[in-house]
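Trainee: Below is a structure I'd like to ask you about.
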Amino acid sequence: MPRFFVEKEQIQNGVVTITGEDAHHLSRALRMAAGEHITVCDCMGTDYDCILTEFLPDRVLARVDRESVTQTEPPYTALLYQGLPKGEKFDLIIQKSVECGVCRIVPFESERSIVRIREEKGEKKAERQNRIAVEAAKQCGRGILPVVASARTFQSILSEASRVDLALFCYEGEGTIPLPVVLRRNRPMLPQKPTIAILIGSEGGFSEAEAAAAKENGWIPVGLGKRILRTETAPVVALSMLCAELELT
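Encoded structure:
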């Protein structure tokens, strides 16, 4: 069943008003008609089974048939801090991370990043990246809209460790403890719905100075296995481990 996100204000007295690109997609691309069913989500974890009632030039109206709590959100809030990768890798990271349950993605520039922050392109790029997140959220049935933030510097994100319940620093250095083990050890101390941050480097990884700074600021170094993963693979593996430990068990 087609899925659409709307603001809470667009649902009034049992009637949903769909506007913009979604209205155009319903009428022109999907060629749906009155009487057909769609699912609408209010971006706050509530799903509405709706019946299309009216197609107008600038909007589509639907009647709420049933509402329910979205069952697809994980029992934690996952934040991904991702080193800026080359080319279109970040698009793939956004898509797959949303499917794996991430709530917010923050790209950052570090010492070994090949890609650098460009202020003049930041706003347009963030807008396009958030569209990718929206489409991924629709496809996998999310109950909220994950956000892709504007790019930041590595130094500016170090303090984020103090604002979450658990801050995990994915690092290939010696002596790191596997991520699932760290989760099991910390699980008894976590609140009912913890906020967990995951820090992953770009293609070049982190310098020794950056790794030391991360540890000093409260990021726990964790391993993702015996093999070295590509930067676009690491978020999927880390978020999947999070899901396996905290959602599926």
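Under the working numbering, the very last position in the sequence shown is 271; numbers go up by exactly one each time. Heads up, the beta-carbon is just placed ideally off N, CA and C, and yes, glycines get one too.
Which runs of the beta strand (DSSP E) fall wholly inside the segment 44 to 127 and span at least 3 residues, in chain order?
Mentor: Complete beta strand (DSSP E) runs here, min 3: 59 to 63, 68 to 78, 81 to 91 and 99 to 105.
Trainee: Between the C-alpha atoms of E267 and L205, what's the straight-line distance to the nearest angstrom?
Mentor: On the sequence shown, residue 267 is found 245 positions in, with the first residue counted as 1. On the sequence shown, residue 205 is found 183 positions in, with the first residue counted as 1. E267 and L205: Cα-Cα distance of roughly 7 Å.
Trainee: Under DSSP, the alpha helix (DSSP H) around I220 begins and ends at which residues?
Mentor: In the sequence shown, residue 220 corresponds to position 198, counting from 1. No alpha helix (DSSP H) contains I220, which is instead part of the beta strand (DSSP E) from T217 to I222.
Trainee: Give me the Cα-Cα distance between E142 and A260, rounded to the nearest whole angstrom.
Mentor: Within the sequence shown, the letter at position 120 stands for residue 142. Within the sequence shown, the letter at position 238 stands for residue 260. Because the pLDDT at E142 is just 42, under 50, the model does not fix this residue reliably, and the value given afterwards should be weighed accordingly. Roughly 32 Å between the two C-alpha positions.
Trainee: Sort I242, I154 and G195 by Cα distance to L188 and report the nearest one.
Mentor: In the sequence shown, residue 188 corresponds to position 166, counting from 1. Checking every option, the nearest Cα to that of L188 belongs to I242.
Trainee: Around the C-beta of S90, are 16 or more other C-beta atoms found within 10 angstroms, so that it is buried, or is it exposed?
Mentor: As a working note, residue 90 is residue 68 in the sequence shown. By the neighbour-count definition (other C-beta atoms within 10 Å, threshold 16), S90 is an exposed residue.
Trainee: Which same chain residues end up closer than 6 Å to P202 when comparing Cβ atoms and leaving out the 5 residues on each side of it in sequence?
Mentor: If you number the sequence shown from 1, residue 202 lands on position 180. Cβ neighbours of P202 beyond the five flanking positions: M263 and E267.
Trainee: Enumerate in chain order the residues of its own chain whose CB-to-CB distance from V137 is below 8 Å, with the five nearest sequence positions on each side excluded.
Mentor: In the sequence shown, the residue the question calls residue 137 occupies position 115. Within the same chain, V137 has close Cβ partners L106, P107, K108, E131 and S224.
Trainee: Taking the alpha carbon of Y103 as the point to measure from, which residue in I220, A45, R81 and P24 has its own alpha carbon closest?
Mentor: Locating residue 103 in the sequence shown gives position 81, where the first residue counts as 1. Cα-wise, what sits closest to Y103 is I220.
Trainee: Report the residue ranges of all alpha helix (DSSP H) runs contained in full by the segment 178 to 233; include only those spanning at least 4 residues, in chain order.
Mentor: 201 to 208
Trainee: Buried or exposed for D87, please, with buried defined as at least 16 other CB atoms from any protein chain shown within 10 angstroms of its CB.
Mentor: Position 65 of the sequence shown holds residue 87. Exposed, by the Cβ-count rule.
Trainee: Would you call the segment 67 to 87 and the segment 107 to 127 touching, i.e. three or more CB-CB distances under 8 Å?
Mentor: No contact exists between the segment 67 to 87 and the segment 107 to 127.
Trainee: Going by DSSP in three states, E142 sits in which element: helix, strand or coil?
Mentor: Start at 1 with the first residue of the sequence shown, and residue 142 comes out as number 120. Bear in mind that the predicted position of E142 carries a pLDDT of just 42, short of 50, making it too unreliable to give a figure here.
Trainee: Cutting at 8 Å between CB atoms, please list the residues of its own chain near P213, excluding the five before and the five after it.
Mentor: For the purposes of this step, residue 213 is taken as residue 191 along the sequence shown, with counting starting at 1. The residues are D187.
Trainee: Examine the ligand SAH and report whether any of its heavy atoms sits within less than 6 Å of the Cβ of I33.
Mentor: You won't find the ligand SAH in this model; it holds no ligand whatsoever.
Trainee: Who are the near neighbours of E145 in its chain, counting only those whose CB is closer than 8 Å to its CB and skipping five residues on each side?
Mentor: As a working note, residue 145 is residue 123 in the sequence shown. Taken in chain order, the residues that qualify are S172.
Trainee: Considering Cα atoms alone, identify which of C72, R50 and E58 is closest to F27.
Mentor: Taking the sequence shown and counting its residues from 1, one reaches residue 27 at position 5. Of C72, R50 and E58, the residue nearest in Cα terms is C72.
Trainee: State yes or no: is the C-beta of L74 within less than 7 Å of the C-beta of A56?
Mentor: Here residue 74 refers to the residue found at position 52 when the sequence shown is read from its first residue. Here residue 56 refers to the residue found at position 34 when the sequence shown is read from its first residue. Contact: yes.
Trainee: DSSP state of P257, grouped into three classes?
Mentor: The count along the sequence shown starts at 1 and reaches residue 257 at position 235. Three-state result, P257: helix.
Trainee: Between A236 and the rest of its own chain, which residues show a CB-CB distance below 6 Å, the 5 nearest in sequence each way excluded?
Mentor: If you number the sequence shown from 1, residue 236 lands on position 214. Answer for A236: F191, listed in chain order.
Trainee: Counting only the same chain and skipping the five closest in sequence on each side, list residues whose C-beta sits under 6 Å from that of V169.
Mentor: Counting from one through the sequence shown, the residue named residue 169 turns up at place 147. Excluding positions up to five away in sequence, the list reads R126.
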